[in-house]
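Respectively, the protein sequence lines represent chains A and B.
Residue numbering for the first sequence follows UniProt numbering, beginning at 1 and increasing consecutively.
Residue numbering for the second sequence follows UniProt numbering, beginning at 1 and increasing consecutively.
In this text, a Cβ means the ideal position worked out from N, Cα and C, and glycines have one as well.
2 protein chains.
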Amino acid sequence: MKGRPNIHRDEELVHKAQQLFWERGYSATSLSDLSKATGAGAGSLYNTFKGGKKELFRRSLQERREALHAFERDVENSDNPVALLKAFFLGIADADTEAHLRGCIVANTVVEMTFVDRELEAEAMQLLQDTEALYTTIIRDAQKKGTIKSRQPADVLGKYLITFWCGINSLRRIYPDRDILKQQIALQLQMID
Amino acid sequence: MKGRPNIHRDEELVHKAQQLFWERGYSATSLSDLSKATGAGAGSLYNTFKGGKKELFRRSLQERREALHAFERDVENSDNPVALLKAFFLGIADADTEAHLRGCIVANTVVEMTFVDRELEAEAMQLLQDTEALYTTIIRDAQKKGTIKSRQPADVLGKYLITFWCGINSLRRIYPDRDILKQQIALQLQMID
DNA sequence: TTAGTATTGTAATGATTACTACAAAAGTAA
DNA sequence: TTACTTTTGTAGTAATCATTACAATACTAA
């Protein structure tokens, strides 16, 4: 290995950038904001992430894709994926107020980037669709096993859940309140009883 | 009346600005964009709307409040408000692709403006809450009349519907498809049967 | 040491931002 | 006409934007 050693780990830079993007979105986050938050100068950021601000944002989305993969693995190793899914949704209510106000960076990006940046919009959209596909798979398997009694097609229920995901991430901004959210989530999860 | 006559009607300026804001959001819409779209120079826009870009955006939200009031009047004059509400939701599916991709300017604003502009966030948030309050009133009245059989508290069902409103406005971006949307809307409306 | 290499922070770049100063334009009232 | 008023488009303003040029830095390899 040659050259001056890295002072920042790429992962940490992306994580700190992601926090800013998650709160303020892409357009309202300036490179000066990112430089301050990460502690890395503009030169460093551009040397590390060749695509600049946009690449940094892409990496922030990719981190969410890894989170999705982690959840997929949890589902594969579980003997009750539906319970896992329900626990995931119910757990949202226990997050702190800041997390409620942030919502979901993927859903936020779809809203912000439509008509603004096709690439970022498409990547976020794909992430939502892949999440939906996971929901659908979980439901289909559970219907075969008889764990879910609803006769509604699995893909319809999958779309129902991704709709709910986007919806609850708006509701928690309006009502960052544990009890209200718990009640709403429990109510909506009845659909996959 | 004195002075040089207006060449643009305020209403039309707001409407054209609203179309841009609705598509691209607040931050990604520049004053130069607004000037081109409205046909009015920057000087004219600032002379007409003293608060500049932000005031123009506020007026765009106010127009949506007027739309809410119009819907409130429809409800008051209707002998079956629940049918009106269901028709409103089902009608979303029939919109064109552009409208699907735009979503709801109010819900979009809540997402974009949290942590960015408290005032605009608060105004959009209030608009969503007022919409929710209308849903709740419609449901409460229908429960009294026996039109809705669900014993779920009216305010819980109201929150359910505003969650669905935000959710469906994300789903229609992913699937700007009449049939898929019709099915999802019909499914979710079963909750207020 | 010495040469080579990659990262760092700073300072500049040119473009774009929201906004404003201002004079010309276009009307009314006397 | 003349005086007055308001709107209009243009040409600025200062600030901020994303990006880059570059020299100093800090390491490895020889």
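A contact between stretches requires three or more CB pairs, one per stretch, nearer than 8 angstroms, and the segment 12-19 of chain A fails this requirement with the segment 14-25 of chain B.
In the displayed model, B/C166 falls within a helix according to three-state DSSP.
Closest in C-alpha terms to B/F115, from the list A/P5, A/E12, A/G25 and A/R4, comes A/G25. Taking a beta-carbon distance threshold of 9 angstroms, A/I139 does not count as an interface residue toward chain B. Shown here, B/F49 sits in coil according to DSSP, grouped into three states, outside any helix or strand.
A/Q152 sits in coil when the DSSP states are folded into three classes, being neither helix nor strand. By the Cβ criterion, the segment 176-185 of chain B is not in contact with the segment 179-193 of chain A, since fewer than three pairs of Cβ atoms, one from each stretch, lie closer than 8 angstroms.
Within chain A, the residues whose beta carbon sits less than 9 angstroms from that of B/S170 are A107, V110, V111, L128, I162, T163, W165, C166, G167, N169 and S170, listed in sequence order.
For B/M125, the uninterrupted alpha helix (DSSP H) segment begins and ends at R118 to K145.
By the criterion of at least three beta-carbon pairs nearer than 8 angstroms, the segment 112-128 of chain A is not in contact with the segment 148-159 of chain B. Of all alpha-carbon atoms in B/N47, B/D94 and B/Y160, the one lying nearest the alpha-carbon of B/Y175 is that of B/D94. Taking 9 angstroms as the CB threshold, B/L90 stays off the interface with chain A. In chain order, T114 and F115 make up the part of chain B whose C-beta sits under 9 angstroms from the C-beta of A/L101. At a C-beta separation below 7 angstroms, B/A186 has no neighbours in chain A, since its nearest C-beta there lies roughly 10 angstroms away.
For A/L157, the closest alpha carbon among the candidates A/I168, A/H100, A/L189 and A/G167 is that of A/L189.
Sixteen is the threshold: since fewer than 16 other Cβ atoms of the shown chains lie within 10 Å of the Cβ of A/R73, the residue is exposed. At a cut-off of 9 angstroms between C-beta atoms, A/E123 does not count as an interface residue with respect to chain B.
Among the CB atoms of chain B, one or more fall inside 9 angstroms of the CB of A/Q152. When Cβ-Cβ separations below 9 angstroms define contact, B/V156 makes contact with chain A. In the structure shown, the three-state DSSP call for A/P81 is helix.
When C-alpha distances from B/L101 are compared across B/I168, B/A67, B/R9 and B/L61, the shortest belongs to B/I168.
For the alpha helix (DSSP H) assignment, the uninterrupted runs of no fewer than 4 residues enclosed by the UniProt domain "HTH tetR-type" (14-58) of chain A are, from N- to C-terminal side, 31-38 and 42-48.
Apart from sequence neighbours up to five positions away, the residues of its chain that approach A/E55 with a beta-carbon distance below 7 angstroms are F49, ordered along the chain. Per the C-alpha coordinates, the member of B/P81, B/D130 and B/T163 positioned closest to B/A67 is B/D130.
In the DSSP annotation of this structure, B/R4 is not part of any alpha helix (DSSP H), being labelled neither H nor E. A/A28 and B/K159 have their C-alpha atoms some 30 angstroms from each other. Against chain B, a Cβ distance below 9 angstroms from A/A42 picks out nothing, because the smallest value is about 21 angstroms. For A/I105, the enclosing alpha helix (DSSP H) starts and ends at I105 to M113.
Note on B/R4: under 16 other CB atoms within 10 angstroms of its CB, so exposed under the neighbour-count rule.
Separation of the CB atoms of B/L128 and B/V106 is rounded to 6 angstroms, and the pair is thereby assigned contact status at 8 angstroms.
The beta-carbon of B/G52 is placed no less than 9 angstroms from the nearest beta-carbon of chain A. For B/I192, not one C-beta of chain A is nearer than 9 angstroms to its own C-beta.
If the five residues before and after A/C166 are omitted, its C-beta is found closer than 7 angstroms to the C-beta atoms of A107, all from its own chain and listed in chain order. Not flagged as an interface residue toward chain A: B/S32, since no C-beta distance is shorter than 9 angstroms.
The beta carbon of A/A40 sits closer than 7 angstroms to those of H8 and L13, all from its chain and outside the five residues before and after it, given in chain order.
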